[in-house]
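Structure first, commentary second.
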DNA sequence: GTCTATAGAGAGATAGAC
DNA sequence: GTCTATCTCTCTATAGAC
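This is the structure:
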C-alpha cells in the first residue's frame, strides 16, 4: 500500500479491473496505461515488467486475505468459527469481485512467474480454514460419539469449503446479482451444514 | 467427436493440454501446431479461427458433462443422489484435469467469443445438481420436521457443491496427488454432510 | 517522475505450391 | 488435405526529451 505519488495505486487499480474480465495475459500494458490515465513509460518506471506488476497486484490483494480470515475467526470454535470464516470470505469476494475472479482463474496455473508467491498466499489462507475445520470436526465427532470423518484430510476439506464459497460468491456476483448477501450466505452454510444429508437419529 | 482424418483430434488434444497450463490467451497457434505435429495451415483448414477452435474444444468437453451427471444420478434420490453426483464429477475432473483447469479459469470470464456457449453448458450441468439438491433438501427437511433451508436458492447451493468438488479436485490433482481418490471423495462428502456442524438433538 | 517515439519480437491469419 | 512462406498487426520493453 505504498502510496508514493498515487500513480502506483492508479496503475494497480486499472490493472485489476482490466484483468478481471480479460485475464492477465489478455490485458496489455497499453490498456493499463490508458485506463490509469498515465503514459506507458510510467508503468515501467513504477514496475520493472508486466509480470512484476501483476505479482505485486496479487500479493497485495491475496496477501491480506489470511489476515482477514484470522481476524474473523477470532476466538470462535466449532461451527461458529466456520460460519464466521464463510461470512468473512464471502464479504471479501463481494467487496472485491475483480480480485476474486482473478484468483479463481490464476490459482491453478503452474507456469507463472509469480507462482511461488501465489502458492504461499493461497496456502496461508487455506490453513486458516483447515485449522478451524480440524477443531470443529473433532468437536462435532466427540459430541456425537463417532470418529472424525475428516481426520488427516483437513486441507482437502478446507479447499472444499473455500471452493464452495468462491464459486457461489462469483455465481452470485456475476450471474445472479439480484440476490441478497444474506440469502447467499445462508445457502452456502445450508449446503455445508448437512441440510442435504439424512440426520442420523 | 467427428474424426475425419485424425488431424482434428490431434489439434484439439494439443490445444487442451497447452491451454490447461498456459491458459487460452497464453497458448499460440504455433504452439498448438507444433504439439499436434501438423503445420499451422492445417489448423486453419480445420478451424476458422483461434476462437472457433477453443469454442469447439469447450463445447466438446463441457458439453458431455451434463449428460454424465444425469446418468450418474439415475433414479437415485436424497443424499444418495448427491453422493453419486459428487463422485461422478470428481471422477471426470480426475480423468480430465486439463479440462477442469480450463473450465475453472474460463467459467467467470465475460468477454469471450464463446461466452454464450459456455454459459449454457455450465447452466445445464448446474441444473442437474440443483434438481437433486431441491429434492434432497425437501426430503431431509420433511423427515426432520423443519423448513427446507435452501428453498428458492437451489442454484446457489448447486454452485456451492459444484465449487466444493471442483476446487478440492484440482487441489488434489495439482498440489496433493499422493492422496487416493476415495480419501478425497470422503473429505468432500464429509464437508457437505454436516460433519462440521453441531447435530441438533 | 512523466511523457512520446520506436525498437524488436511474436501473434493471428492467408496465399499458393504440392 | 497438408505444407511452407509471408503479411500485417499488436505486444513488451526501452531510449531519451522535458
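Protein chains in written order, with UniProt numbering: chain A, 1 to 201; chain B, 1 to 201.
Even glycine gets a Cβ: it sits at the ideal position worked out from N, Cα and C.
Residue-level contact to chain B via CB, residue i, 7 Å cutoff
| i | result |
| --- | --- |
| residue 177 (chain A) | no |
| residue 29 (chain A) | no |
| residue 57 (chain A) | no |
| residue 198 (chain A) | yes |
| residue 174 (chain A) | yes |
| residue 181 (chain A) | no |
| residue 85 (chain A) | no |
| residue 49 (chain A) | no |
| residue 170 (chain A) | yes |
| residue 88 (chain A) | no |
| residue 97 (chain A) | no |
| residue 164 (chain A) | yes |
Cβ-based burial, residue i [other Cβ within 10 Å; buried from 16]
| i | result |
| --- | --- |
| residue 106 (chain B) | buried |
| residue 182 (chain B) | exposed |
| residue 168 (chain B) | buried |
| residue 55 (chain A) | buried |
| residue 33 (chain B) | buried |
| residue 134 (chain B) | buried |
| residue 61 (chain B) | buried |
| residue 8 (chain A) | buried |
| residue 23 (chain B) | buried |
| residue 95 (chain B) | exposed |
Residue j beta carbon less than 7 Å from that of residue i
| i | j | result |
| --- | --- | --- |
| residue 118 (chain A) | residue 57 (chain A) | no |
| residue 197 (chain B) | residue 194 (chain A) | yes |
| residue 90 (chain B) | residue 84 (chain B) | no |
| residue 87 (chain B) | residue 164 (chain B) | no |
| residue 154 (chain B) | residue 157 (chain A) | no |
| residue 11 (chain A) | residue 39 (chain A) | no |
| residue 173 (chain A) | residue 97 (chain A) | yes |
| residue 148 (chain A) | residue 132 (chain A) | no |
| residue 188 (chain B) | residue 160 (chain A) | yes |
| residue 170 (chain A) | residue 108 (chain B) | yes |
| residue 25 (chain B) | residue 26 (chain A) | yes |
| residue 21 (chain A) | residue 28 (chain B) | no |
| residue 14 (chain B) | residue 82 (chain B) | no |
| residue 51 (chain B) | residue 120 (chain B) | no |
| residue 65 (chain A) | residue 141 (chain A) | no |
| residue 128 (chain B) | residue 70 (chain B) | yes |
CB contact below 7 Å: residue i versus chain A
| i | result |
| --- | --- |
| residue 185 (chain B) | no |
| residue 202 (chain B) | Examination of residue 202 (chain B) is not possible in this model, given that chain B is present from 1 through 201 alone. |
| residue 53 (chain B) | no |
| residue 34 (chain B) | no |
| residue 194 (chain B) | yes |
| residue 201 (chain B) | Annotation note: pLDDT 47 at residue 201 (chain B) (below 50); position unreliable, no value reported. |
| residue 190 (chain B) | yes |
Span of the alpha helix (DSSP H) around residue i
| i | result |
| --- | --- |
| residue 21 (chain B) | 7-22 |
| residue 174 (chain A) | Premise fails: residue 174 (chain A) is in no alpha helix (DSSP H) and is neither H nor E. |
| residue 194 (chain B) | Where residue 194 (chain B) is concerned, there is no enclosing alpha helix (DSSP H), given that its DSSP letter is neither H nor E. |
| residue 106 (chain A) | 97-106 |
| residue 51 (chain B) | 50-73 |
| residue 122 (chain A) | 115-144 |
At a Cβ cut of 9 Å, what residues of the region 147-162 of chain A count as close to chain B, listed as they run along the chain? 148, 149, 150, 152, 153, 154, 155, 156, 157, 158, 159, 160, 161 and 162
Give, in chain order, every residue of the region 99-111 of chain A whose Cβ lies closer than 7 Å to some Cβ of chain B. 101, 104, 105, 108, 109, 110 and 111
Under 7 Å, CB to CB, which of the residues in the region 119-140 of chain A have a partner in chain B? 133, 136, 137 and 140
Near-chain B residues of the region 13-29 of chain A (beta-carbon distance less than 7 Å), N- to C-terminal order: Going along the region 13-29 of chain A in chain order, one finds 21, 22, 23, 25 and 26 with a Cβ nearer than 7 Å to chain B.
Got a sec: which bits of the region 54-83 of chain B sit with their beta carbon under 8 Å from any beta carbon on chain A, in order along the chain? 78, 79 and 82
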